[in-house]
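Q: Pasting a structure below so you can have a look.
Protein chains: 2
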Amino acid sequence: MTPSNESELTQTVLQSLEGTHDARFLQVMQSLITHLHAFIRDVDLKPDEWMQGIEFLTAVGQTCTDKRQEFILLSDTLGASMMVVILDQLRAAAGKRGRAANEATEATELTEATHATVQGPFYWEGAPDLPLGADVAQGARGEPTFYSGRVTDTHGQPLEGALLDIWSGDGEGVYDMQVEGAAMQARGRIRTDHEGRYWFWSIRPSFYPIPVDGPVGHMLEAMGRHPNRPGHIHMMVSAPGHVPVTTHLFVAGSPYIESDAVFGVRPRLIVDFESHPPSRAPDGRPIEAPYWSAHYDFRLEPQHA
Amino acid sequence: MTPSNESELTQTVLQSLEGTHDARFLQVMQSLITHLHAFIRDVDLKPDEWMQGIEFLTAVGQTCTDKRQEFILLSDTLGASMMVVILDQLRAAAGKRGRAANEATEATELTEATHATVQGPFYWEGAPDLPLGADVAQGARGEPTFYSGRVTDTHGQPLEGALLDIWSGDGEGVYDMQVEGAAMQARGRIRTDHEGRYWFWSIRPSFYPIPVDGPVGHMLEAMGRHPNRPGHIHMMVSAPGHVPVTTHLFVAGSPYIESDAVFGVRPRLIVDFESHPPSRAPDGRPIEAPYWSAHYDFRLEPQHA
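Protein chains in written order, with full-length UniProt numbering: chain G, 1 to 305; chain P, 1 to 305.
Below you can see the structure in the form of structure tokens.
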């Protein structure tokens, strides 16, 4: 079939996929082509605009190195990464029952498990296993903060030995990985006690900008958007037989909490950081400077058979 | 606003564009984000599939050099380039009257002007000006072909001095630009006579594959698609006061005429190449080998004020 107009063209391109063996790849590409063509028609994209798009995507690809992934940054800043995160958690909640059949109960399920958010580019495998109550900061600059809470399943049953894999930037928004040759800081793995409780020290994380010296930075500028993420600490929380969750705790009141450049903030992940004068901390430790405390209970979805 | 589910996420991302100054950029990005999110939701895109997409796009960008544009190849093989070409010609036909108001008459308008198709990567500016009847082949391998016809406006009025900027590969599907250090071949600029007529010699072009050694080649393979374009000769036809058209003439019966890898074939651009025994050619020249002839009349849309 040879197309004589734009509707026939879309049909012709879709028909060209008939030889695709992988059913899932076929489904993804059919949807992608349908939306790509619809986008071009909806905005009546002009040849010079198309060429600007080609040049932009090329520049994004050529900005990628083994230390920088500009396409992930693009996906993040367009909300695509966060959409994938949300859908992945919905799918886990729906389990084997199938998503369509479960539409009605989705909202309920999601209120039960801790909300997920983006992993981001600063996860560093091999953080040290630390005892309950340890100082995860490991020398990172920043105001000391006492973190505590519980890990339970979605029915409220405490999960003993659940793993919290924790990482954050320092009190000025800089991650250890961003400093050439730096050692690990503000990273650690902590396990809950027999009542599902955890507690540890670290710093109060600060907002920071994503890299803006590449094409994605120029895009944000053209959109009149700032490049900042509000202060947050990352956690990957897992326990055998449960769906792990990759998430952040966001500092309530942090600048940019209402306008995260990568759309990672979700209302249930915003945590009040309470300020304290120098005193005896909740774990009994005497603290000679002002400090903060943050409390958060994590809930994990049981894995469906 | 911070999103708690996937619908709110799309709204949040769209709201983040409120500071965009350029109204057209805003319109394009709103549509792009809406379709991007809808695509991800429609197929319920999984994190590992998202990552495959990121890696694919990165590889496409990194395959681009100053001599190769893999993103254009991707756009071509998904039919996006051809969609832009078709819309551009519809817009020119609709002129200043506005596209929406003109929907009803579009079909008629398009049958009048010669259909456009993709420019492709092998246009080389500065082809020689040649007299009517010249051999454009300039030594390119292939079976000799006599091309003739007229250039008129869409009312049938002949256009004197209309320019045909002509290029093609040779009879084996190879363009001069693809041979390191080669001189120009099978390229030339011809002008119509006072009755709008043109005639020239060149070769009968062959089908050929687009480059398949990059990520786009792997994508075509996964789709079970071949990478070939049917035989065609390129023309950019222009005349003062008229909308220029960039198009091809396709060789009727060429392999892949029904399945052009870049979807450039349109029914009205397929031309019968008539075979002739050695004889006196239509321009009076005695030809000692078998040859072909192809006849095509081009029509240009008058430019709207």
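We treat Cβ as the ideally placed atom computed from N, Cα and C, and that holds for glycine.
For P244(G), which residues from the same chain have a beta carbon less than 8 Å from its beta carbon, with the 5 sequence-adjacent residues on both sides left out?
A: Correct list, in chain order: M236, V237, S238, L300.
Q: Give me the residue from G241(G), R285(G), H234(G) with the minimum Cα distance to V251(G).
A: H234(G)
Q: Ignore the nearest five residues each way along the sequence and tell me which others in R41(P)'s own chain have a CB closer than 8 Å to its CB.
A: E6
Q: Cβ of G79(P) less than 8 Å from any chain G Cβ?
A: yes
Q: Could you tell me which whole alpha helix (DSSP H) segments of length 4 or greater appear in the region 204-249 of chain P?
A: Restricted to the region 204-249 of chain P, the alpha helix (DSSP H) segments that are unbroken, complete and at least 4 residues in length are 215-222, listed in chain order.
Q: Could you pull the DSSP bridge partners for V251(G) from this structure?
A: V271(G)
Q: Throw me the rounded Cβ distance for the G196(P) and L159(P) pair, which I believe falls under 8 Å.
A: Their Cβ separation, rounded to whole angstroms, is 5 Å, which keeps G196(P) and L159(P) in contact under 8 Å.
Q: Can you tell which of G284(G), W292(G), T154(G) has its C-alpha closest to the C-alpha of H115(G)?
A: T154(G)
Q: Quick one: what's A294(G) bridged to in DSSP?
A: Y147(G)
Q: With H, G and I counted as helix, E and B as strand and the rest as coil, what does DSSP make of T152(P)?
A: T152(P) falls in the strand class under three-state DSSP.
Q: Give every residue of the same chain whose Cβ lies closer than 8 Å to the Cβ of V271(P), excluding the five residues on either side of it in the sequence, and list them in chain order.
A: L249, F250, V251, A252, A294, H295, Y296
Q: Take Q119(G) as the anchor and find which of P302(G), S75(G), A113(G), R141(G) has the nearest alpha-carbon.
A: S75(G)
Q: Anything in chain P within Cβ reach of K46(G), meaning under 7 Å, just list it in chain order.
A: Under the 7 Å cutoff, chain P gives D88.
Q: Using three-state DSSP, classify F263(G) as helix, strand or coil.
A: Assigned with DSSP and collapsed to three states, F263(G) falls in coil, not helix or strand.
Q: With 16 other CB atoms within 10 Å as the buried threshold, where does H35(G) fall?
A: buried
Q: Excluding the five sequence neighbours on either side, which residues of its own chain have a C-beta within less than 6 Å of the C-beta of G161(P), listed in chain order?
A: R191
Q: Please report how far the alpha carbon of F273(P) lies from the alpha carbon of W292(P), in whole angstroms.
A: 6 Å
Q: Take the Cβ of T65(G) as the centre, count every other Cβ of all protein chains shown within 10 Å, and call the residue buried at 16 or more, exposed below.
A: Using a 10 angstroms sphere on the CB of T65(G), the tally of other CB atoms stays under 16, which defines it as exposed.
Q: Determine, using beta-carbon pairs with one atom in the region 182-191 of chain P and one in the region 253-263 of chain P, whether at least three such pairs fall under 8 Å.
A: no
Q: Check the C-beta distance from P215(P) over to V60(P) and give it rounded, since I have them as a contact under 8 Å.
A: That pair is a contact at about 5 Å.
Q: Measure the alpha-carbon distance for Q30(P) versus H232(G) and round it to whole angstroms.
A: 28 Å
Q: Could you give the DSSP three-state label for I40(G): helix, strand or coil?
A: helix
Q: Whose CA, out of T152(P), V84(P), G169(P), lies closest to the CA of residue 306(P)?
A: The question about residue 306(P) has no answer, for chain P in this structure spans 1 to 305.
Q: Is the shortest distance between the beta-carbon of W50(G) and the beta-carbons of chain P less than 8 Å?
A: Using a Cβ-Cβ cut-off of 8 Å, W50(G) counts as an interface residue toward chain P, since at least one Cβ of chain P sits closer than that to its own.
Q: Would a C-beta distance cut-off of 8 Å place S206(P) and R225(G) closer than the cut-off?
A: no
Q: Rounded to whole angstroms, what's the CA-CA distance from A94(P) to W199(P)? Just pull it up for me.
A: 31 Å
Q: Are the Cβ atoms of F71(G) and L57(P) separated by less than 8 Å?
A: yes
Q: Using a C-beta cutoff of 8 Å, does I233(G) count as contacting chain P?
A: no
Q: Tell me the DSSP bridge mates of G161(G)?
A: Beta-bridge pairing links G161(G) to no other residue.
Q: With burial defined as no fewer than 16 other Cβ atoms inside 10 Å of the residue's Cβ, what is the status of S279(G): buried or exposed?
A: Counting the other Cβ atoms within 10 Å of the Cβ of S279(G) gives fewer than 16, which makes it exposed.
Q: Tell me which residue opens and which closes the beta strand (DSSP E) that R91(G) is part of.
A: It is not in any beta strand (DSSP E) - R91(G) instead sits in the alpha helix (DSSP H) that spans 80-94.
Q: Between F122(G) and chain P, is any beta-carbon pair separated by less than 8 Å?
A: With a threshold of 8 Å between beta carbons, F122(G) makes no contact with chain P.
Q: Using only the alpha-carbon positions, how far apart do P267(P) and D283(P) sit?
A: 28 Å
Q: Please report how far the alpha carbon of Y123(P) lies from the alpha carbon of W167(P), in whole angstroms.
A: 7 Å
Q: Expressed to the nearest angstrom, what Euclidean distance is found between the alpha-carbon atoms of E106(P) and P230(P)?
A: Unreliable placement is indicated for E106(P), whose pLDDT of 48 sits below 50; the coordinate value is still reported in the next sentence. Rounded to the nearest angstrom, the two C-alpha atoms are 28 Å apart.
Q: Going by DSSP, name the residue or residues bridged to D135(G).
A: BP columns for D135(G) point to W201(G).
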